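According to this note's numbering, numbering within the sequence shown proceeds without interruption in unit steps and concludes at 452.
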Amino acid sequence: MTQKLTIQDIANLAGVAKSTVSRYLNNGYVSKEKAMLIDKVIRETGYKSNFFAKRLKTKQSKLIGIVMPRLDSFSAGKLAGFNIILQQMGYQALILISELNSQKELDNISQLIQQGVDGIIVDSININDNHLKLINQANIPIIFTGQSHDKVNFIKVDDINAGKLMGEYIASLNHQQVVFLGVSPQDNAVGVDRYEGFRQGFLANNPQGKISFVQTDYSLEQAYNLGDTVVSFEPSAVVCATDNIALGLLRYFHEKKIHVPQDISLAGFGGYPVGSISYPSLTSLAFDYKHLGIKTAEKLLSMLQNQPVTSEYDHNMNLIIRESTRLAKI
123 MTQKLTIQDI
133 ANLAGVAKST
143 VSRYLNNGYV
153 SKEKAMLIDK
163 VIRETGYKSN
173 FFAKRLKTKQ
183 SKLIGIVMPR
193 LDSFSAGKLA
203 GFNIILQQMG
213 YQALILISEL
223 NSQKELDNIS
233 QLIQQGVDGI
243 IVDSININDN
253 HLKLINQANI
263 PIIFTGQSHD
273 KVNFIKVDDI
283 NAGKLMGEYI
293 ASLNHQQVVF
303 LGVSPQDNAV
313 GVDRYEGFRQ
323 GFLANNPQGK
333 ISFVQTDYSL
343 EQAYNLGDTV
353 VSFEPSAVVC
363 ATDNIALGLL
373 RYFHEKKIHV
383 PQDISLAGFG
393 GYPVGSISYP
403 SLTSLAFDYK
413 HLGIKTAEKL
423 LSMLQNQPVT
433 SEYDHNMNLI
443 IRESTRLAKI
C-alpha cells in the first residue's frame, strides 16, 4: 500500500477503534492482542507516522532546532559539523536565521520550543536576561555557541586568545600605527573579546604602538564605505574583526591604488576559504568551525541523555600567514 495512511486507516485494517490506535501510538494501555494486530498492520503497510505522531509514541520528535545569526562561510562550517553528529544519531535539523537581530533570535528560540523540538543549538549574537528567562521556562536542553555566559551551557572559540595571537603577530612585524576595524560591543565575543585580546597581545609586545578603533558592521559594503576613515589614521596595518570585513576594505584599497601589503598590511579573523584566493591572499586567524560544530552537537546529545556537560572555550585555531602582511617599513 503506497498511499498515505491515516490512523483511521490503520484502525480499519486492524479491526480496532481509532482511539485504540491512538493509545498505541501514545504508549497508552492496549491489550496484547490488539497491540499485535496494530503492529502487524503497521509493518505490512509500511506506515510511518509524522514527527508529531512519533513524539506521541516515543516522547521524541528526533528534531533539533538550530538558530544561526546568518548564513556565510563560518556558519556553513558549523552547520556541517552539527549535521555530521545529528545524522549519525537519527536527528534532523530545523534551521532558523536571526539575521543578526537579538529579538528575532529570541523569537526563533520560542518558535522552536513551541514546535516540539528535542533540543536547540543557538549560535548567538548575545546572551541577555531575556535569553535566561526563556531557557528557564523551556523544558528541553539548549546549548549556545558563538557567545558565553556563566548561566548557560556553551562552547565557543576563545576569542580573547585569538585576538592575542593576532596582536603578537602584528607587533612582531614592527607595526606602530594600527587600525582595528571591529564590530559593535553588542556582540561580546567579536566586538569585545576579540578586540581586547588583540589590544593585549599587541601592546604587550609593542608598548609604544598605537591602536585606533573604527566600528563597522559585518558587511563587506560597510567596511568598504569606511575606507576613508580607516586611512585617515595613516596606519601601517589594519586588522579586521572578520575576514569579510577585511575583504570589503581590500576592495577600497584596490580602487584607491593603496597597495597591500606594500603600503598597508591587512589581516582578518575566520580563515574563510575566499581569503586564500583574494588578491593578495589574506592573512587570517583561522578557526575550525566544523570541529566546533561537531563538539557542540555532541554536547547537546549528552544533555538529551541527561548527562552532565561542561561549558568550554575551544582553542582549535591557527594563524595562516599569507600575502597581505609584511614587515613595517622602517
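All C-beta atoms, glycine included, are put in the ideal place defined by N, C-alpha and C.
As the structure is a prediction and not an experimental result, all values here were calculated from the model.
Residue i, buried or exposed, once every other Cβ within 10 Å from all chains shown has been counted against 16
i       : result
Ile-452 : exposed
Gln-269 : buried
Arg-316 : buried
Leu-449 : exposed
His-437 : exposed
Ala-133 : buried
Ala-139 : exposed
Lys-379 : exposed
Met-123 : Here the model assigns Met-123 a pLDDT of 35, short of 50, so the residue's position is not dependable and the matter cannot be decided.
Phe-174 : Residue placement at Phe-174 cannot be trusted, given a pLDDT of 47 that sits under 50; what the coordinates show is reported in the next sentence. Per the 10 Å Cβ criterion, exposed.
Asn-383 : One detail in the question is off: residue 383 reads as Pro in this sequence, not Asn. Counting Cβ neighbours within 10 Å, Pro-383 comes out buried, since at least 16 surround it.
Gly-168 : exposed
Ser-358 : buried
Met-158 : exposed
Tyr-151 : exposed
Leu-372 : buried
Cβ pair residue i, residue j closer than 9 Å
i       : j       : result
Leu-342 : Leu-369 : yes
Leu-287 : Gly-319 : yes
Val-189 : Ile-235 : no
Tyr-401 : Asp-280 : no
Val-361 : Ile-282 : no
Lys-273 : Asp-245 : no
Of the listed residues the options, nearest to residue i (C-alpha basis)
i       : options                            : result
Leu-388 : Ala-363, Ile-257, Ser-354, Ala-284 : Ala-363
Leu-100 : Tyr-394, Tyr-401, Lys-154, Lys-255 : What the structure shows of the chain is the stretch from 123 to 452, and residue 100 is not part of that stretch, so it cannot be assessed.
Leu-256 : Gln-337, Arg-373, Glu-227          : Glu-227
Leu-426 : Phe-196, Arg-444, Ile-264, Gly-289 : Ile-264
Asn-252 : Gln-225, Asp-161, Gly-238          : Gln-225
Arg-192 : Ile-386, Ser-183, Ile-217          : Ile-217
Ala-241 : Glu-377, Lys-184, Gln-209, Ile-207 : For clarity, residue 241 is Gly in the given sequence; the question names Ala instead. The shortest Cα separation from Gly-241 among Glu-377, Lys-184, Gln-209, Ile-207 belongs to Lys-184.
Ser-424 : Leu-372, Asn-275, Leu-147, Ile-247 : Asn-275
Ile-399 : Val-431, Asp-385, Asn-428, Asp-365 : Asp-365
Boundaries (first-last residue) of the alpha helix (DSSP H) holding residue i
i       : result
Tyr-411 : 411–426
Thr-351 : 349–353
Lys-140 : 140–147
Ala-368 : 365–377
Lys-162 : 154–167
inquiry  = Whether or not the region 430–446 and the region 296–314 are in contact is what I'm after, with contact meaning three or more pairs of Cβ atoms, one per stretch, closer than 8 Å; do they touch?
reply    = no
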